[in-house]
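Enquirer: Below is one structure. I have some questions about it.
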Amino acid sequence: MNQHVKKFAVLAIVLTAALTVAPVLAQDQFPYLDPSALPPVRTQSASRFCDTSAIQYGAGFYGQYYNLAMDDPGMLKGQKITPIDGRDHYWYTTANLSLEKVDTDLNFGNRFLPLNEGKNGDPFYFAVHWRAAVYIPENGTYSFSMTSDDDSWLFINDQIVIDIAGVHPARTKKGSVQLNAGLYETSIFYAERATNGAAFTFKSEQNLLFSPLPPNCTLQNLGYSPSRTSPSNMPRGRVLGVETTAYTPAIALYRAAGSPDIYAIYANGQRHYVSGPTAFLRYGYKFNQVKTVSRATLDKYPDAQLLRTPDNPTVYFISARSNNQWLKITLNSPTVFVSYPNNSWGDIIVVDELDIRAYPNVRLIHSATDSNVYLLEGNARRPFVSREIMERLGYNANEIMEISEAHLKSFLLGELIG
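Under mature numbering (1 follows the signal peptide of the UniProt record, and there is no 0), read the sequence shown as residues -26 to -1, 1 to 392, first letter to last.
So, in structure tokens, the structure goes:
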């Protein structure tokens, strides 16, 4: 196909959700929802605004570190804390805020002493609140584990999953929760209230990726809008007879340094080239959420090869050719689809029609079990007498696509060429 039209210089992060735990929903889709009903931002901040520059997909957790004195409320050994889960405690207030940073992971081991400012009791007696958005790729049960000395609590969409409250040596607990595919807010609270140790480690057993969520930011700041993209509407193993569905949600948009081309990154680890600014806006992406990565990072993601549009159940296979060119061909039945052993229903990406149009149709096909080269004309395949005749007629051998025998036979046999 023609080389990509290079019209972009920015990218966005777009994460979407179908939530079952304290859902965060777009008000235009659910007009009865009062914004005040959304889970509150527990940790106070000096700013009333969301710092979207800190929201980068897969970068980790946004941490707010609070330095406390040994005689502050709740710090004395054996003193009860109210409320018992610690979230609204005095510890997590602006007056105690000492440090804000993004932590790529929360594996601090058994010598976790990040603050030492000369306060009474330093480097002990402190608290931390981490927030992140976590993308759940598919419906299922997800497990998490925490090790802490002393208190720690894990919340997902404002519901507690792990509770390790109290002053104690390092203790490990696990928690599991049933989640639908989508985007969730993760909040972790930690407190160190003694001088005999300080430890903290958090892990997701499925190696999920977490994106920093600064204070005063909500899931909507990451582009969440269920009216446009809802994983619950994604195709589930069907090619024909599928009703209208939304775009497959991108978990990030990347462009390589020095290139204007933008690629959507999906939860299945594949990428898709966005064909132009019109398609970009139709997806609902935001230009001010660009992330530039190295070419090596971008190339870690293979190109999505199974595409369809929201309003048409036809699935297209996209084949890479030389010189950064691509061709498309329809997979015109479930039998044809499964005739390719590497095809997976879960890898079908729903994209805008403009992106599909950007790929020229395959014109030349052959099969490993058939030495003939065929010209595709509608639903018919016409064999050339020879490759010499094919090239004499101006067709390029580099544009021949090898397809499965079942796929080849799905096209009617037409008249001989030459």
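We put the beta carbon where it would ideally sit given N, CA and C, even for glycine.
1) Give me, in chain order, the residues of the same chain whose beta-carbon lies closer than 8 Å to that of glycine 386; leave out the 5 immediate sequence neighbours on both sides.
2) Can you give the Cα-Cα distance for glutamine 279 and leucine 305, rounded to whole angstroms?
3) Less than 8 Å between the C-beta atoms of isoleucine 330 and tyrosine 275, yes or no?
4) Classify threonine 115: buried if its beta carbon has 16 or more other beta carbons within 10 angstroms, exposed otherwise.
5) Between which two residues does the beta strand (DSSP E) carrying methionine 120 extend?
6) Between phenylalanine 184 and glycine 92, is the Cβ-Cβ spacing less than 8 Å?
7) Would the segment 343 to 351 and the segment 318 to 332 be scored as touching if the rule is three or more Cβ pairs under 8 Å?
8) Spell out the partners DSSP gives valine 324 in its beta bridges.
9) With a threshold of 6 Å on Cβ separation, who are the neighbours of tyrosine 64 within its own chain once the five nearest residues in sequence on each side are excluded?
10) Any chance you could list the beta strand (DSSP E) runs of at least 3 consecutive residues sitting entirely within the segment 85 to 170, in chain order?
11) Considering just the uninterrupted stretch of the beta strand (DSSP E) at alanine 173, what are its terminal residues?
12) Would you grab the beta carbon distance between aspartate 235 and tyrosine 247 for me? Rounded to a whole angstrom, and I think it's under 8 Å.
13) Of all the beta strand (DSSP E) runs that stay within the bounds of the segment 300 to 368, which reach a length of 3 or more residues?
14) Tell me which residue opens and which closes the alpha helix (DSSP H) that alanine 380 is part of.
15) Could you name the residues that DSSP lists as bridge partners for aspartate 277?
16) Counting beta carbon pairs with one atom in the segment 103 to 115 and one in the segment 135 to 144, are three or more of them shorter than 8 Å?
17) Beta-carbon within less than 6 Å of serine 150's beta-carbon, same chain only, minus the 5 sequence neighbours each way: which residues are those?
18) Among the candidates Val76, Ile322, Phe100 and Thr67, whose CA atom is the shortest distance from the CA of leucine 42?
19) Quick check on the DSSP output: the beta strand (DSSP E) that includes glutamine 255 runs from which residue to which?
20) With three or more beta-carbon pairs closer than 8 Å as the criterion, would you say the segment 311 to 330 touches the segment 226 to 234?
21) Compare the beta carbon distance of serine 126 and lysine 177 with 8 Å and say whether it is the shorter of the two.
22) Return the chain-ordered list of same chain residues with a C-beta closer than 6 Å to the C-beta of phenylalanine 82, the five sequence neighbours on each side being excluded.
23) Roughly how many angstroms separate the alpha carbons of proline 189 and arginine 337, rounded to a whole number?
24) Can you list, in chain order, the residues of its chain with a C-beta nearer than 6 Å to that of tyrosine 158? Leave out the 5 residues immediately preceding and following it.
25) Give me the residue from Ala144, Leu128 and Ala241 with the minimum Cα distance to threonine 121.
26) Distance check for threonine 192 and glutamate 351, CA to CA, integer angstroms please.
27) Just to confirm my understanding: we take glycine 95, look at its own chain, exclude 5 residues before and 5 after, and list those with CB closer than 6 Å. What are they?
28) Per DSSP, what kind of secondary structure is leucine 187 in: helix, strand or coil?
29) Let me check understanding here. Comparing Cα to Cα, which of Ser378, Asn242, Thr160 and Val102 lies closest to arginine 167?
30) Is residue 416 near alanine 253, with beta carbons less than 8 Å apart?
31) In terms of DSSP beta bridges, what is alanine 226 paired with?
32) Is the distance from the Cβ of proline 186 to the Cβ of alanine 69 below 8 Å?
33) DSSP puts tyrosine 259 in a beta bridge; with which residues?
34) Using only the alpha-carbon positions, how far apart do phenylalanine 358 and serine 268 sit?
35) Classify glutamine 3: buried if its beta carbon has 16 or more other beta carbons within 10 angstroms, exposed otherwise.
36) So the candidates are Ser293, Ser341 and Arg245; which of them puts its Cα closest to the Cα of aspartate 273?
Expert: From the atom records:
1) By 1-based counting over the sequence shown, the position of residue 386 is 412. The sequence given here has leucine at residue 386, not glycine. Hits under 8 Å: Asn353, Ala354 and Arg355.
2) Against the sequence shown, residue 279 aligns to sequence position 305. Against the sequence shown, residue 305 aligns to sequence position 331. Rounded to whole angstroms, glutamine 279 to leucine 305 spans 11 Å at the Cα level.
3) In the sequence shown, counting from the first residue as 1, residue 330 sits at position 356. In the sequence shown, counting from the first residue as 1, residue 275 sits at position 301. With contacts defined as CB atoms closer than 8 Å, isoleucine 330 and tyrosine 275 fail to qualify as a contacting pair.
4) Position 141 of the sequence shown holds residue 115. It counts as exposed.
5) In the sequence shown, residue 120 corresponds to position 146, counting from 1. Where methionine 120 is concerned, the enclosing beta strand (DSSP E) stretches over 114 to 123.
6) Position 210 of the sequence shown, counted from the first residue, corresponds to residue 184. Position 118 of the sequence shown, counted from the first residue, corresponds to residue 92. Not in contact: phenylalanine 184 and glycine 92 (Cβ atoms no closer than 8 Å).
7) Taking a cut-off of 8 Å on C-beta distances, the segment 343 to 351 does not touch the segment 318 to 332, as fewer than three cross pairs fall below it.
8) One-based indexing of the sequence shown puts residue 324 at position 350. Answer is Arg282.
9) Residue 64 sits at position 90 when you count from the first residue of the sequence shown. Cβ within range, chain order: Pro47.
10) List check, beta strand (DSSP E) in window: 100 to 110, 114 to 123, 125 to 130, 133 to 137, 145 to 153 and 156 to 166.
11) Along the sequence shown, read from residue 1 onward, the residue named residue 173 stands at position 199. Looking at the DSSP string, the run of the beta strand (DSSP E) that includes alanine 173 is 173 to 178.
12) For this step, residue 235 is matched to residue 261 along the sequence shown. For this step, residue 247 is matched to residue 273 along the sequence shown. Taking C-beta atoms under 8 Å as the contact rule, aspartate 235 and tyrosine 247 qualify, at a distance of about 6 Å.
13) Taken in chain order, the complete beta strand (DSSP E) segments of 3 residues or longer contained in the segment 300 to 368 are 300 to 305, 338 to 341, 344 to 351 and 354 to 357.
14) Here the question's residue 380 lines up with position 406 in the sequence shown. Alanine 380 -> alpha helix (DSSP H) spans 379 to 383.
15) Position 303 of the sequence shown, counting from 1, holds the residue named residue 277. Its beta-bridge partners are Arg245.
16) With a cut-off of 8 Å, the segment 103 to 115 and the segment 135 to 144 do not count as touching, because too few Cβ pairs lie within range.
17) As a working mapping, residue 150 is identified with position 176 in the sequence shown. If you ignore the 5 residues before and after serine 150, its C-beta comes within less than 6 Å of the C-beta of Thr115 and Ser117, all in its own chain and listed in chain order.
18) Numbered from its first residue, the sequence shown carries residue 42 at position 68. The residue among Val76, Ile322, Phe100 and Thr67 with its C-alpha nearest the C-alpha of leucine 42 is Phe100.
19) Reading the sequence shown from its first residue, position 281 is the one you call residue 255. Correcting the residue type first, residue 255 is leucine in the shown sequence and not glutamine. No beta strand (DSSP E) contains leucine 255, which is instead part of the alpha helix (DSSP H) from 251 to 256.
20) At 8 Å Cβ cutoff, the stretches do not touch.
21) Start at 1 with the first residue of the sequence shown, and residue 126 comes out as number 152. Start at 1 with the first residue of the sequence shown, and residue 177 comes out as number 203. In terms of Cβ geometry, serine 126 and lysine 177 do not form a close pair [threshold 8 Å].
22) Taking the first residue of the sequence shown as 1, we reach residue 82 at position 108. The answer, listed in chain order, is Phe174.
23) Position 215 of the sequence shown holds residue 189. Position 363 of the sequence shown holds residue 337. When only Cα atoms are considered, proline 189 and arginine 337 end up about 54 Å apart.
24) Along the sequence shown, read from residue 1 onward, the residue named residue 158 stands at position 184. Here the set comprises Val108, Ile130 and Asn131.
25) Along the sequence shown, read from residue 1 onward, the residue named residue 121 stands at position 147. For threonine 121, the nearest C-alpha among the options comes from Ala144.
26) Within the sequence shown, residue 351 is the residue found at index 377, counting from 1. Within the sequence shown, residue 192 is the residue found at index 218, counting from 1. Taken atom to atom, the span from the alpha-carbon of glutamate 351 to that of threonine 192 is near 51 Å.
27) Sequence index remark: in the sequence shown, residue 95 carries index 121 (1-based). Only Ala43 and Met44 meet the Cβ criterion.
28) On the sequence shown, position 213 is the one that residue 187 refers to. Leucine 187 carries a coil assignment under DSSP once its states are collapsed to helix, strand and coil.
29) As a position in the sequence shown, residue 167 is number 193, starting the count at 1. When each option's Cα is compared against that of arginine 167, the closest is Val102.
30) The structure shown has nothing for residue 416, since the chain only spans -26 to 392.
31) Mapped onto the sequence shown, residue 226 falls at position 252. Beta-bridge pairing links alanine 226 to Ile239.
32) As a first step, residue 186 is located in the sequence shown; it is residue number 212 there, counting from the start. As a first step, residue 69 is located in the sequence shown; it is residue number 95 there, counting from the start. No, Cβ-Cβ distance for proline 186 and alanine 69 is not below 8 Å.
33) In the sequence shown, the residue the question calls residue 259 occupies position 285. Tyrosine 259 is not bridged by DSSP to any residue.
34) For the purposes of this step, residue 358 is taken as residue 384 along the sequence shown, with counting starting at 1. For the purposes of this step, residue 268 is taken as residue 294 along the sequence shown, with counting starting at 1. If I take the Cα positions, the gap works out to 45 Å.
35) Along the sequence shown, read from residue 1 onward, the residue named residue 3 stands at position 29. Unreliable positioning characterises glutamine 3 in this predicted model, as indicated by a pLDDT of 24, which lies under 50. A coordinate reading is not provided.
36) Along the sequence shown, one-based indexing puts residue 273 at 299. Among Ser293, Ser341 and Arg245, the Cα nearest to that of aspartate 273 is on Arg245.
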